[in-house]
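Asker: Read top to bottom, the protein sequences are chains E and D. Using our numbering, the letters of the first sequence map in sequence onto residues 130 to 538. Using our numbering, the letters of the second sequence map in sequence onto residues 18 to 403. First, the structure itself, so that you have it in front of you.
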Amino acid sequence: MEARSPGRRLESAKKLKDLGYQYYLGSMLAGQQGQPVAWITSGFPVELIYAMDIFPFYPENYGTLCGSRKVSGDLCQAAEARGYSQDLCSYARCTMGSIFQNAGPLNGLPAPDMVLTARNICHTVIKWWEAVARHYNCPLFVLDTPFVRGEPTEHQVQYVRGQLTELINFLERHSGREFKMDKYMEVIGRANRAASLWKEIQSLRKASPCPLSALDMFTGMFPIVTLRGTQTCADFYQEMRDELAARVAAGVGVLENDQFRLMWDNIAIWYNFQFYDYIHSRGGVFVAETYTSAWGVYQFDGSGSGDIFDSVARRYLMAILNIDLDLRFQQMAEAIREYRVDGLLLHSNRSCKTYSLGQLGLARRVQSELGVPTLLIEADMTDPRAFAEGPARTRVDAFLEMLNQRKVT
Amino acid sequence: MPLQDVRDLSAGLSRFFAERHQRLREIKSAGKKNIGYFCSYTPEELILAAGMHPIRILADPAEQAGPVDAHLQTFSCAFARSCLDQLLRGRLDYLDGIVFPCTCDSLRAVSEITRSIKQEGFFNHFLNMPLRLDGDLPRAYYLRELAILYRALADFNGRQADDQSLEKAIELADANRGLLKGIWDCRRVKSPPLSGEVCLGLVNAAVSMDRQEVRGELEKISLALAADPGKDDLGPGPVRLMVIGSVIDNPALLGIIEQSGACVVADDLCTGTRYFTGAVGRAAAEGPLEALARRYLERVPCPTKHPAGPRLDHLSRLLEDFRVQGVVMVLQKFCEPHAFDYPMIRDHLSARGLPVLLLEVEPAHLAAGQLSTRVQAFVEMLGGGL
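This is the structure in structure tokens:
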């Protein structure tokens with residue numbers, strides 16, 4: 130295995146370790162300190178949870194932690210031993226395995242007072258959360274977000290909006306805490322600030338050489354996912370943005386020599402960052418990821434015709450995995466043009482059906498309509514048993530060679 | 018009417034199903050529009066009311082996947098892959114359109130892919146039904162979605178989306194559901210007159226054929242069964258199994274199970290009790306669309322819907338009513354919603370002293386030898402066997 134990363138690391142990224150530590154420590158201490166703990170999904174309107182001073186615990190992020198600590202394989206097997214099929218989402222298996230064995234990177238999990246899930250990222254999180262709620266015998270809230278073709282219809286927005294009201298009642302009932310509008314608006318303000326900085330960070334990667342690649346984005350997305358709405362989150366991205374802007378101004382790239390501007394589709398391969406390093410070492414730099422950009426959409430505006438809940442309902446309906454394939458293609462095409470992408474790598478992720486089914490057609494459209502070559506990588510986000518790294522590297526070699534020839538000719 | 022006649026009638030329906038592609042082409046040539054649909058969550062009443070013929074799309078157990086590989090990865094649900102494969106091969110060329118209800122992620126993807134490959138003029142509708150079945154919000158939302166679908170279907174066929182047509186369609190669908198339920202009940206006795214395989218074959222035909230014809234055939238079978246209802250007093254009878262799962266496209270799978278000396282007396286299947294349990298009926302205060310919404314929100318839920326509780330209640334009722342001794346859970350390979358529920362169902366049944374056998378299957382890969390060995394061991398454990 131080669132030494133860590135041919136790329137320059139960000140100074141600001143050093144803080145991430147501490148943020149992660151504080152977050153997970155907080156999750157384990159919350160119960161003792163009388164703070165209710167809610168398990169929530171990455172597409173759930175967390176701003177309400179922060180506004181009510183409930184601790185949001187993210188099993189999906191915990192899955193990435195299991196992957197990067199390389200304990201996911203064992204935890205998945207522990208879940209399989211209890212009857213959870215190997216074909217199920219590996220994040221879910223990491224959670225269930227940790228619950229059953231009281232094991233994993235945190236030596237167990239913080240017991241939830243309630244669990245909150247939303248359909249907008251997948252149906253998997255509904256089933257997974259049902260299983261968690263049964264295990265802990267705790268209240269479960271399901272936010273139903275109908276699939277969007279084109280634009281959300283008015284009755285879809287009203288349906289979600291109505292559920293947000295139900296959610297507030299649910300949270301008040303089960304946390305014993307009162308919802309306060311002014312506090313919520315403060316959280317919304319901070320969330321908007323963080324999302325806007327996150328978008329700016331993405332945007333700075335349009336520069337050549339590219340100042341940042343996929344690894345810093347994958348690790349750097351931790352705050353926008355878990356801490357969205359806190360001051361810590363906004364502050365972190367301010368620093369990260371400033372550092373990147375300085376890099377761009379100085380003409381410094383993340384790699385010494387980036388030759389191929391690449392885009393990544395789907396969730397990261399969390400247990401194998403060496404794979405990305407390998408691509409970097411061959412001159413490939415990731416200038417954009419559909420995955421990381423998914424968190425830039427959570428900006429809300431209550432000043433228009435509807436109120437704030439209207440805006441929140443619309444934004445959460447438009448999550449990347451809740452919109453039609455045509456729209457996903459358009460977003461992808463726009464990024465490919467704006468970021469001057471030479472090649473698209475699609476992670477065909479065995480665990481994540483909503484993200485992966487439809488990718489084959491998307492790839493064909495990218496090739497035929499945009500003339501951009503694509504490469505499909507078969508893997509799994511946290512189950513290392515589903516990734517054959519050797520063959521994947523060989524395919525990357527061939528792909529980059531082909532991109533090189535296109536440049537020459 | 019002797020029992021042999023019942024079997025002949027059932028065989029007639031099975032034959033229709035086996036020859037359905039040809040027979041459905043004939044319906045189309047006769048000038049009627051064919052609308053395919055997925056899942057028992059599609060209210061076929063709306064297709065009937067719009068003057069068209071509803072056809073449930075099922076996997077083809079006889080065919081290995083081919084062109085679908087260019088669209089869906091091999092880790093996609095085998096049922097979804099098989100259905101899309103048939104569409105791509107033109108096997109379902111008699112369809113004028115398809116209705117996809119929002120259920121699982123795999124079929125949502127099939128709906129999206131179908132949209133990208135089918136030409137203008139093909140009716141492709143995603144019935145964006147709620148995931149949640151509880152409370153007033155899902156009901157109000159669902160009612161809107163149903164109205165949109167009804168209007169779209171009627172427009173497509175140049176008809177009016179009126180209450181009268183819908184009432185007639187509901188009456189027909191309710192009648193067929195009631196008849197199927199009655200026929201299912203014939204297996205409550207110790208020596209059931211019909212096997213699980215035959216019963217499942219009836220549903221496959223009932224969701225493909227002209228619904229008026231279905232009604233006629235099912236009425237004949239019901240009459241024959243009334244005359245010869247099977248026996249409840251002689252000997253121990255076969256081991257009584259319940260089958261749980263999503264869709265079983267190939268009734269022969271139940272045949273394999275029953276060859277081991279068991280009888281499949283009950284089921285919780287999308288092509289079984291989940292399809293026909295619960296009538297629409299009508300309360301004085303509600304219109305037909307409201308009644309329809311109520312039926313589909315209150316029917317036995319499948320694992321793609323929330324909450325799951327009513328399904329467990331349904332299972333418990335079946336266990337008791339049909340004196341079930343063991344349960345076979347048939348899991349379509351890569352079916353996430355059902356795979357997620359397996360531990361819950363296993364625990365629910367184990368707590369009631371019922372052993373559960375998990376069989377993972379793919380429509381085109383029925384490894385009959387291996388399956389029957391496992392089923393035989395299971396049936397022997399339950400005290401049966403040939």
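Cβ atoms here follow ideal geometry from the backbone N, Cα and C, with glycine treated the same way.
Kindly list, in the order they appear in chain D, the residues whose Cβ is closer than 9 Å to that of alanine 260 of chain E.
Answerer: Counting from one through the first sequence, the residue named residue 260 of chain E turns up at place 131. Within 9 Å Cβ-Cβ: Phe357, Asp358, Pro360 and Met361.
Asker: So, is isoleucine 134 of chain D buried or exposed, given that buried needs 16 or more other C-beta atoms within 10 angstroms?
Answerer: Your numbering for residue 134 of chain D matches position 117 in the second sequence. Label assigned to isoleucine 134 of chain D: exposed.
Asker: For alanine 159 of chain E, collect the residues of the same chain with a Cβ closer than 7 Å to its Cβ; drop the 5 residues on either side in sequence, then sort them by chain order.
Answerer: Residue numbering aside, residue 159 of chain E sits at position 30 when the first sequence is read from its first letter. Cβ within range, chain order: Val166, Phe184 and Pro239.
Asker: Apart from the five residues on each side of it in sequence, which residues of its chain come closer than 7 Å, Cβ to Cβ, to methionine 130 of chain E?
Answerer: Taking the first residue of the first sequence as 1, we reach residue 130 of chain E at position 1. In this prediction, methionine 130 of chain E scores a pLDDT of 37, lower than 50, which makes its location untrustworthy; the coordinate-derived value is nonetheless stated afterwards. The residues are Gln403.
Asker: How about the stretch 193-212 of chain D and the stretch 157-164 of chain D: do they share at least three Cβ pairs that are nearer than 8 Å?
Answerer: Cβ pair count under 8 Å is below three, so no.
Asker: For my contact list, valine 244 of chain E and valine 261 of chain E are in at a C-beta cut-off of 8 Å; report their separation, rounded to the angstrom.
Answerer: As a position in the first sequence, residue 244 of chain E is number 115, starting the count at 1. As a position in the first sequence, residue 261 of chain E is number 132, starting the count at 1. Confirmed, Cβ separation roughly 5 Å.
Asker: Can you name the start and end residues of the alpha helix (DSSP H) that cysteine 195 of chain E belongs to?
Answerer: Numbered from 1 along the first sequence, position 66 holds the residue referred to as residue 195 of chain E. Cysteine 195 of chain E -> alpha helix (DSSP H) spans 188-197.
Asker: Could you name the residues that DSSP lists as bridge partners for leucine 333 of chain E?
Answerer: Mapped onto the first sequence, residue 333 of chain E falls at position 204. Looking at the DSSP assignment, leucine 333 of chain E forms no beta bridge with any residue, so it has no partner.
Asker: So if DSSP puts asparagine 141 of chain D in a beta bridge, which residue, or which two residues, is it bridged to?
Answerer: Here residue 141 of chain D refers to the residue found at position 124 when the second sequence is read from its first residue. Answer by DSSP bridge pairing, in chain order: D:Ile115.
Asker: Tell me whether valine 396 of chain D sits in a helix, a strand or coil according to DSSP, three-state version.
Answerer: Along the second sequence, read from residue 1 onward, the residue named residue 396 of chain D stands at position 379. If DSSP states are grouped into helix, strand and coil, valine 396 of chain D belongs with the helices.
Asker: Given a limit of 8 Å on CB to CB distance, which residues of the stretch 288-318 of chain E reach chain D?
Answerer: Hits within the stretch, in order: Tyr288, Gly291, Gln292 and Glu295.
Asker: Under a Cβ-count criterion, where at least 16 other Cβ atoms within 10 Å of its own Cβ denotes burial, should arginine 466 of chain E be classed as buried or exposed?
Answerer: Here residue 466 of chain E is taken as the residue at index 337 of the first sequence, counted from 1. With fewer than 16 Cβ atoms within 10 Å of its Cβ, arginine 466 of chain E is classed as exposed.
Asker: Quick check: isoleucine 130 of chain D and cysteine 100 of chain D, are their CB atoms within less than 8 Å of each other?
Answerer: Here residue 130 of chain D refers to the residue found at position 113 when the second sequence is read from its first residue. Here residue 100 of chain D refers to the residue found at position 83 when the second sequence is read from its first residue. Going by C-beta atoms, isoleucine 130 of chain D is not nearer than 8 Å to cysteine 100 of chain D.
Asker: Can you tell me whether glycine 295 of chain D is helix, strand or coil according to DSSP?
Answerer: Translated into positions along the second sequence, residue 295 of chain D becomes position 278. In the structure shown, glycine 295 of chain D sits in coil (DSSP, three-state: anything other than H, G, I, E or B).
Asker: Please compile the residues from chain E whose C-beta is within a distance smaller than 9 Å of the C-beta of phenylalanine 351 of chain D.
Answerer: If you number the second sequence from 1, residue 351 of chain D lands on position 334. Here the neighbours are Ser214, Asp216 and Lys482.
Asker: Could you check what DSSP says for proline 71 of chain D in three-state terms: helix, strand or coil?
Answerer: Position 54 of the second sequence holds residue 71 of chain D. Strand at proline 71 of chain D.
Asker: Under DSSP, the beta strand (DSSP E) around glutamate 377 of chain D begins and ends at which residues?
Answerer: The count along the second sequence starts at 1 and reaches residue 377 of chain D at position 360. Start and end: 373-378.
Asker: For the stretch 65-85 of chain D against the stretch 183-191 of chain D, are there 3 or more C-beta pairs whose distance is under 8 Å?
Answerer: Touching, yes, given that three or more Cβ pairs across the two stretches are closer than 8 Å.
Asker: If we count the other Cβ atoms within 10 Å of its Cβ and call it buried at 16 or more, is asparagine 267 of chain D buried or exposed?
Answerer: Along the second sequence, one-based indexing puts residue 267 of chain D at 250. Asparagine 267 of chain D comes out buried.
Asker: Go to glutamine 136 of chain D, then tell me how far its alpha helix (DSSP H) extends in each direction, as first and last residue.
Answerer: One-based indexing of the second sequence puts residue 136 of chain D at position 119. No alpha helix (DSSP H) holds glutamine 136 of chain D; DSSP gives it neither H nor E.
Asker: Going along the chain, which residues of its own chain have a beta-carbon closer than 7 Å to the beta-carbon of glutamate 315 of chain D, five neighbours each way excluded?
Answerer: Here residue 315 of chain D corresponds to residue number 298 of the second sequence, with the count starting at 1. Around glutamate 315 of chain D: Gly295.
Asker: For isoleucine 14 of chain D, which residues in chain E fall below 7 Å Cβ to Cβ?
Answerer: Beyond the ends of chain D as shown, which are 18 and 403, falls residue 14 of chain D; an answer cannot be given.
Asker: Please list the partners that valine 441 of chain E has in chain D, where partner means a Cβ-to-Cβ separation under 8 Å.
Answerer: As a working note, residue 441 of chain E is residue 312 in the first sequence. Per Cβ cutoff of 8 Å: no residues; valine 441 of chain E is ~16 Å from chain D at best.
Asker: Can you check whether the C-beta of threonine 170 of chain E is within less than 8 Å of a C-beta belonging to chain D?
Answerer: In the first sequence, residue 170 of chain E corresponds to position 41, counting from 1. No, because no Cβ of chain D sits closer than 8 Å to the Cβ of threonine 170 of chain E.
Asker: Just to confirm the assignment, what range does the beta strand (DSSP E) spanning phenylalanine 389 of chain E have?
Answerer: Counting from 1 along the first sequence, the entry for residue 389 of chain E is found at position 260. Segment 389-394, the beta strand (DSSP E) holding phenylalanine 389 of chain E.
Asker: Determine which residues of the stretch 114-141 of chain D have a Cβ less than 7 Å from any Cβ of chain E, and write them out in chain order.
Answerer: Answer in chain order: Cys119, Cys121, Asp122, Ser123, Arg125, Ala126, Glu129, Ile130 and Ser133.
Asker: With DSSP collapsed to three states, give me the class of threonine 348 of chain E.
Answerer: By 1-based counting over the first sequence, the position of residue 348 of chain E is 219. Note: threonine 348 of chain E maps to helix in three-state DSSP.
Asker: Who does valine 271 of chain E pair with in a DSSP beta bridge?
Answerer: Within the first sequence, the letter at position 142 stands for residue 271 of chain E. DSSP, once it has assigned bridges, lists E:Thr246 as partnering valine 271 of chain E.
Asker: Suppose you measure from the CA of arginine 98 of chain D to the CA of leucine 194 of chain E; what does that come to, to the nearest Å?
Answerer: Reading the second sequence from its first residue, position 81 is the one you call residue 98 of chain D. Reading the first sequence from its first residue, position 65 is the one you call residue 194 of chain E. Their backbone Cα atoms lie some 33 Å apart in a straight line.
Asker: In whole angstroms, what is the alpha-carbon distance linking arginine 24 of chain D and valine 378 of chain D?
Answerer: Position 7 of the second sequence, counted from the first residue, corresponds to residue 24 of chain D. Position 361 of the second sequence, counted from the first residue, corresponds to residue 378 of chain D. Each residue's alpha carbon lies about 28 Å from the other.
Asker: With a cut-off of 8 Å on the beta carbons, I'd call alanine 320 of chain E and tyrosine 152 of chain E a contact; round off their distance for me.
Answerer: Numbered from its first residue, the first sequence carries residue 320 of chain E at position 191. Numbered from its first residue, the first sequence carries residue 152 of chain E at position 23. Not really, about 16 Å apart at Cβ, beyond 8 Å.
Asker: If you pair each beta-carbon of the stretch 326-341 of chain E with each one of the stretch 399-417 of chain E, do three or more pairs fall below 8 Å?
Answerer: Yes: the two stretches touch, three or more of their Cβ pairs being nearer than 8 Å.
Asker: Is the beta carbon of glutamate 518 of chain E sitting closer than 8 Å to the one on asparagine 401 of chain E?
Answerer: For the purposes of this step, residue 518 of chain E is identified with residue 389 of the first sequence, where counting begins at 1. For the purposes of this step, residue 401 of chain E is identified with residue 272 of the first sequence, where counting begins at 1. Yes; because the gap between Cβ atoms is below 8 Å, this pair is in contact.
Asker: Within the chosen definition, does the stretch 341-355 of chain D reach the stretch 268-284 of chain D through at least 3 CB pairs nearer than 8 Å?
Answerer: They touch, by the three-pair rule.
Asker: Since aspartate 285 of chain D sits in a beta bridge, which residues does DSSP pair it with?
Answerer: Here the question's residue 285 of chain D lines up with position 268 in the second sequence. The partner list for aspartate 285 of chain D (beta bridge, DSSP) reads D:Ile261.
Asker: Going by other Cβ atoms of all chains shown within 10 Å of its Cβ, with 16 needed for buried, is serine 477 of chain E buried or exposed?
Answerer: In the first sequence, the residue the question calls residue 477 of chain E occupies position 348. It counts as buried.
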